[in-house]
Amino acid sequence: MSRNSGMLWGEKVYLRPLNGEDAELYYHMFYDAEARRLTGTQKHITKEQIAAYIERKAEDDSGVLLLIALKDTDETIGDIAIQDMDRNNRTANLRIAIGDEAHQGKGYGREALLLMLDYGFGILNLHRIELEVYAYNKRAAHVYESIGFVREGVRRQTLFYNHEYHDVIMMSMLENEYRERYISTKVK
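Positions 1 to 188 (full-length UniProt numbering) are the ones given, in order, by the sequence shown.
Okay, structure coming up:
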């Protein structure tokens, strides 16, 4: 896939839509044990199921699923989605995953999140974007808070993974919070 397919552009990464050719890539990107743990993925998924998932997402107008690629190399390193959009209440859920640990902690996810938040608030006209993060994923929780997400609560013992239960932290950002933090600084 080339840069020409990019939809949203940052300094280090660009976000692009998935297509049928991405099933193999997507399958391998998230088969890593650590990626599965951080995303709370409990069951194993076949390449055929991934291909069917990509097809369903292409027809689903309640969300936007994009792959995260490095600008320098075009390497796809993860995915990000605004999903479960409620047009009446202007709300949606956000999720992100960076597949390979070698690409984590380098600011790629942060940049992808900011690109998607700008798209969600500025193009999709959302009022509220929420997310959930497992309590053991402290690095992700820190990034979300540093971007401006506000902790709203904890769903206790929601995920059963590796012989124990884990809490889920709920966070959100409102459009005015995003604009005060990012848009007003662009205008000045």
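Positions of the beta carbon are idealized from the N, C-alpha and C atoms, including for glycine.
>> Using CA atoms only, rank isn't needed, just tell me which of A140, Q49, N88 and F160 is closest to L94.
In response: Out of A140, Q49, N88 and F160, A140 has the C-alpha closest to the C-alpha of L94.
>> Measuring CB atoms only, is the segment 170-184 touching the segment 125-144, in the sense that at least three cross pairs come out at less than 8 Å?
In response: In short, these stretches touch, since the Cβ pair count reaches three.
> What number of angstroms, rounded off, separates the C-alpha of L15 from the C-alpha of M7?
Replying inline: Cα-Cα distance, rounded: 6 Å.
>> Would you call the segment 159-170 in contact with the segment 85-105, where contact means no fewer than 3 C-beta pairs closer than 8 Å?
In response: Verdict: no, contact absent.
> So, helix, strand or coil for S172, using DSSP?
Replying inline: In this structure, S172 counts as strand in the three-state DSSP scheme.
> What is the residue span of the alpha helix (DSSP H) that A51 lies within?
Replying inline: That run of the alpha helix (DSSP H) goes K47 to E59.
> If you scan the segment 91-136 from start to end, which runs of the alpha helix (DSSP H) of 4 or more residues do you find wholly inside it?
Replying inline: Segments of the alpha helix (DSSP H) lying fully in the segment 91-136: 108-122.
> From N19, R110 and E177, pick the residue whose C-alpha is nearest to that of F121; which is it?
Replying inline: Among N19, R110 and E177, the Cα nearest to that of F121 belongs to E177.
> Helix or strand or just coil, what does DSSP make of D167?
Replying inline: The three-state secondary structure of D167, taken from DSSP, is strand.
> What three-state label does DSSP hand E180 in the structure shown?
Replying inline: Here DSSP, grouped into helix, strand and coil, assigns E180 to helix.
>> Just to confirm my understanding: we take L115, look at its own chain, exclude 5 residues before and 5 after, and list those with CB closer than 7 Å. What are they?
In response: Take L115, set aside five residues on each side of it, and the residues of its chain with a beta-carbon closer than 7 Å to its own are L8, G10 and L15, in chain order.
> Roughly how far, in whole angstroms, is the beta-carbon of D79 from the beta-carbon of L65, given that I think they are within contact range, below 8 Å?
Replying inline: With 8 Å as the limit, D79 and L65 qualify as a contact, their Cβ atoms being about 6 Å apart.
>> Are the CB atoms of I68 and V150 within a distance shorter than 8 Å?
In response: Remark: C-beta atoms of V150 and I68 do not approach each other more closely than 8 Å.
> Among G105, L126 and R181, which one has its Cα closest to the Cα of D86?
Replying inline: Proximity to D86 across G105, L126 and R181 peaks at L126, based on C-alpha coordinates.
> So who's on the other strand from L25, going by DSSP bridges?
Replying inline: Answer by DSSP bridge pairing: none, since L25 is not bridged.
>> Suppose you measure from the CA of M1 to the CA of D72; what does that come to, to the nearest Å?
In response: Because M1 carries a pLDDT of 42, less than 50, the predicted location of this residue cannot be relied on, and the following value inherits that uncertainty. Whole-angstrom Cα-Cα distance: 13 Å.
> What distance in whole Å lies between the Cβ atoms of V143 and G109, which are believed to be in contact at a cut-off of 8 Å?
Replying inline: Right, the Cβ-Cβ distance comes to about 6 Å (below 8 Å), so this counts as a contact.
> By Cβ distance below 8 Å, which residues in the same chain neighbour G105 in space, the five residues on each side in sequence not counted?
Replying inline: Cβ neighbours of G105 beyond the five flanking positions: R139.
> So S62 and Q49 are in contact, right, with Cβ under 8 Å, and what is the actual spacing, rounded?
Replying inline: The pair is not a contact, with the Cβ atoms about 20 Å apart (cut-off 8 Å).
> What did DSSP end up calling E152 once you bin it into helix, strand or coil?
Replying inline: Three-state result, E152: strand.
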